[in-house]
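Okay, structure first, notes after.
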Amino acid sequence: MLKPFRKKRLGDILLERGDLTQDQLAYALDKQHSTKERLGIICLADGLISDIVLAMALAEQFGLEYVDLKGVRPDESLFNFIPPEVTFRFHFVPLDLQGDLLVVAISDPTAVLQLDEMALLLERPLLFKVAAESEIAYHLKRGEGTSRVLKEVSEDFMLQLVTETDKGEEILSVENVTADTSPIIKLVNSTILDALTRRASDIHIETAQDGVLIKYRIDGVLYKATDPIDSHFQGPLISRLKVMSELDISERRIPQDGRFKVRIGSKSIDFRVSIMPSAFGEDAVIRILDKESIASDLRGLTLETLGMAPREIKRFRKMIKEPYGMVLVTGPTGSGKTTTLYGALTEIHTGLEKIITIEDPVEYVLSGITQIPVNEKKGLTFARGLRSVLRHDPDKIMVGEIRDSETAQIAVQSALTGHLVFTTVHANNVFDVIGRFTHMGIDPYNFVACLNCVMAQRLVRKICPACRKPVTVTDDELRESAIDPESTRGLTLYEARGCDECNGTGYRGRSAIVELLDLNDEIRELIIAKSPVAALKKAAKAAGTMFLRESAVAKVLAGETTIKEINRVTFVE
């Protein structure tokens with residue numbers, strides 16, 4: 237329980253600790269006299285102290301222990317007997333159970349009535365420790381609450397679909413999830429919330445022989461979210477997603493695609509849903525398009541923030557500033573191609589030229605740029621949209637993806653007639669692109685004439701700086717990964733461990749590795765002459781191209797990622 241607090245005032249404690257000057261304290265006391273706010277709140281709001289400093293001072297004032305929650309991962313078993321809504325309502329994190337005594341971290345020991353109510357609700361004696369408010373919020377948001385709800389609702393199911401709100405939006409919060417009476421709705425909502433707190437890009441719902449699996453794709457890798465759910469509840473789960481996405485519930489034999497939007501607090505997030513029949517029922521993949529998160533990234537998005545090597549950035553910048561031609565980015569789905577093109581457009585956009593994009597979908601609205609979303613159901617394809625774009629007198633065009641010969645033909649013609657065209661295509665490396673366009677019926681001469689550069693791209697996971705540890709790698713192991721042992725002399729290589737910061741994965745965030753082919757006259761002639769890939773590679777190397785594997789190895793030597801990760805993403809040559 238709370239100890240009797242000392243008579244010493246908070247202002248005197250902050251002054252003694254050197255956290256406030258005499259003038260700052262006088263200012264805060266003067267403001268307190270007029271606003272009647274608590275001194276700590278005033279100092280915090282005016283930026284005089286941090287919430288960590290406030291927590292330390294309050295702990296001293298009340299005779300409690302201060303606890304630093306950074307790097308602490310609370311024992312999930314402690315949450316078993318605490319209703320999820322209680323932790324959010326009273327804003328605390330359980331730390332330890334000592335017999336019948338529950339140790340909890342709180343941020344405000346002055347709220348005595350609230351703390352007494354909390355002890356009555358939990359029906360056990362409490363030992364309070366003080367922690368910073370932001371750190372408590374971090375642990376609650378981190379997924380301890382939403383994961384717990386997810387585990388609870390996956391134990392009991394019945395189908396009870398509800399209608400959407402008048403605006404067609406789902407209002408989601410942890411409180412709504414726990415208050416909702418339908419377990420299926422609770423499962424879907426809590427899955428979405430949990431995926432967002434874990435920075436997932438996709439949610440996979442897979443039906444197998446032993447039940448339904450929910451997985452998240454985080455930094456390009458799949459992780460299980462829960463234990464398998466009974467396969468009897470696969471139908472209601474998929475039906476709920478179909479209702480949210482306005483799809484046909486009765487149709488279970490053909491693939492369906494839809495989308496829905498939710499509002500979480502003040503954030504609006506779009507979701508793309510793809511339903512596909514499988515051997516054991518239907519599977520679903522939900523792509524999360526967090527536009528506001530992308531927006532915050534793009535405000536400062538430059539080619540440097542993508543993680544490209546400085547040498548490649550310099551070469552790529554030269555290409556994107558050409559007056560006309562085609563800039564082509566290639567790679568598999570989820571390799572960051574569109575983000576790279578957004579970064580390029582953000583850098584070259586001056587307002588003096590008209591830039592039009594056609595995308596599927598428009599993932600983020602770029603200010604001052606005309607953006608057209610593809611709508612194939614209504615007949616607006618890339619090819620048809622691109623024809624209309626050319627009638628709007630653009631200087632620069634971005635085509636989200638070249639999927640067919642008609643789109644390829646129009647894009648090449650646009651690049652040949654004075655436009656700068658940015659586009660993407662699916663291929664494994666810069667040389668496979670040539671074969672893709674030839675297969676689509678594009679004349680090789682026209683293609684190489686319009687092409688400024690081709691950039692192949694992949695994303696490698698960055699090792700978590702909070703828990704990485706040095707590793708000793710033998711020369712034989714380095715050679716197996718095609719790394720010259722001499723290049724590692726005097727350098728520290730790291731391996732992933734896993735901590736609370738990275739959800740136990742050992743990695744946090746991703747960085748781009750690129751292979752940039754600058755088309756000079758020699759390479760153009762080799763392509764037109766249909767020379768073998770070996771000859772093209774030799775000429776590209778002489779022209780300064782760094783291949784994907786070399787770019788990945790450079791990340792390992794710089795301590796940014798691990799050998800295991802680059803072997804997962806790129807071939808050992």
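Using this note's numbering, you'd call the opening residue of the sequence shown number 237 and step up by one each time.
Virtual Cβ for every residue (Gly too), placed ideally from N, Cα, C.
One or two residues paired with residue i in a DSSP bridge
i	result
aspartate 304	Looking at the DSSP assignment, aspartate 304 forms no beta bridge with any residue, so it has no partner.
leucine 232	This structure gives no information on residue 232, because the portion of the chain shown stretches from 237 to 809.
alanine 748	Leu695
serine 504	Arg499
glutamine 194	Any answer about residue 194 is impossible in this case: the structure gives the chain only from 237 up to 809.
phenylalanine 658	Val563 and Met634
glycine 726	Paired residue(s): none; glycine 726 is not in a bridge.
alanine 520	Ile441 and Ile511
arginine 271	The residue you asked about is not arginine; residue 271 is threonine in the sequence shown. Threonine 271 pairs with nothing; no bridge assigned.
arginine 453	Asp438 and Leu458
valine 448	Thr443 and Ile465
threonine 815	The structure shown does not extend to residue 815, since the chain is modelled only from 237 through 809, so no value can be given for it.
leucine 525	Asp506
glutamate 731	Lys705
tyrosine 743	Ile699
Per-residue burial, residue i [other beta carbons within 10 Å of its own, 16 or more giving buried]
i	result
tyrosine 681	exposed
threonine 798	buried
threonine 586	exposed
serine 624	exposed
methionine 512	exposed
glycine 276	buried
glycine 671	exposed
valine 811	Nothing about residue 811 can be read from this structure; the chain reaches only from 237 to 809.
glycine 254	exposed
leucine 656	buried
alanine 262	exposed
lysine 422	buried
arginine 715	exposed
isoleucine 490	exposed
lysine 306	exposed
asparagine 688	buried
DSSP-derived helix/strand/coil call for residue i
i	result
tyrosine 681	helix
histidine 440	strand
tyrosine 459	strand
proline 810	There is simply no residue 810 to check, as the chain begins at 237 and stops at 809 in what is shown.
asparagine 756	coil
cysteine 700	coil
asparagine 688	strand
lysine 590	coil
alanine 794	coil
isoleucine 428	helix
lysine 827	With the chain represented from 237 up to 809, any question about residue 827 goes unanswered, as that position is not in the structure.
glycine 579	helix
tyrosine 600	coil
asparagine 665	coil
alanine 373	helix
isoleucine 421	helix
valine 808	coil
serine 810	This structure gives no information on residue 810, because the portion of the chain shown stretches from 237 to 809.
glycine 671	helix
glutamate 540	coil
methionine 782	coil
glutamate 558	coil
cysteine 279	helix
proline 310	coil
alanine 771	helix
CB contact below 8 Å: residue i versus chain D
i	result
glycine 654	Here there is only one protein chain, and chain D is not present.
Closer than 7 Å: residue i CB and nearest the ligand GDP heavy atom
i	result
aspartate 438	For the structure depicted, the ligand GDP is absent and the ligand set is empty, with no information on it obtainable.
inquiry  = Quick check on the DSSP output: what are the complete beta strand (DSSP E) runs of length 3 or more inside the region 316-365, in order along the chain?
reply    = List check, beta strand (DSSP E) in window: 329-334 and 337-342.
query = Quick check: the region 289-305 against the region 264-274, are there 3 or more CB pairs under 8 Å?
reply = Taking 8 Å as the limit for Cβ pairs, the verdict is that the region 264-274 does not touch the region 289-305.
query = Is there contact here, the region 639-646 with the region 542-558, by at least three beta-carbon pairs under 8 Å?
reply = The region 639-646, when compared against the region 542-558, does not touch it at the 8 Å Cβ threshold.
message = Does the region 665-673 come into contact with the region 581-595, if we say contact requires no fewer than three beta-carbon pairs (one atom in each stretch) closer than 8 Å?
response = Touching, no.
task = Could you tell me whether the region 439-448 touches the region 466-473, where touching means 3 or more Cβ pairs closer than 8 Å?
result = The way I'd put it, the region 439-448 does touch the region 466-473; three or more beta-carbon pairs between them come closer than 8 Å.
inquiry  = Does the structure place the region 776-785 close enough to the region 700-711 that three or more beta carbon pairs sit under 8 Å?
reply    = At 8 Å Cβ cutoff, the stretches do not touch.
Contact between the region 648-665 and the region 565-582 (3+ Cβ pairs under 8 Å) = Touching, yes.
task = Decide if the region 747-760 is in contact with the region 713-729; the criterion is three or more beta carbon pairs, one per stretch, under 8 Å apart.
result = As far as the Cβ criterion goes, the region 747-760 does not touch the region 713-729, which means the pair count is below three.
ask   = Three or more C-beta pairs closer than 8 Å, one from the region 728-737 and one from the region 789-798: is that the case here?
value = Touching, per the Cβ criterion.
message = I want to know whether the region 545-564 touches the region 453-463 - three or more CB-CB distances under 8 Å.
response = Three or more beta-carbon pairs separated by less than 8 Å are not found between the region 545-564 and the region 453-463, which leaves the two stretches without contact.
query = Are at least three pairs of beta-carbons, each pair with one atom in the region 325-339 and one in the region 750-770, less than 8 Å apart?
reply = Taking 8 Å as the limit for Cβ pairs, the verdict is that the region 750-770 does not touch the region 325-339.
Inter-stretch contact (C-beta, 8 Å, three-pair minimum) for the region 618-634 and the region 647-661 = The way I'd put it, the region 618-634 does touch the region 647-661; three or more beta-carbon pairs between them come closer than 8 Å.
ask   = Is it true that the region 423-440 meets the region 507-525, where meeting means three or more beta-carbon pairs spaced less than 8 Å apart?
value = As far as the Cβ criterion goes, the region 423-440 touches the region 507-525, which means the pair count is three or higher.
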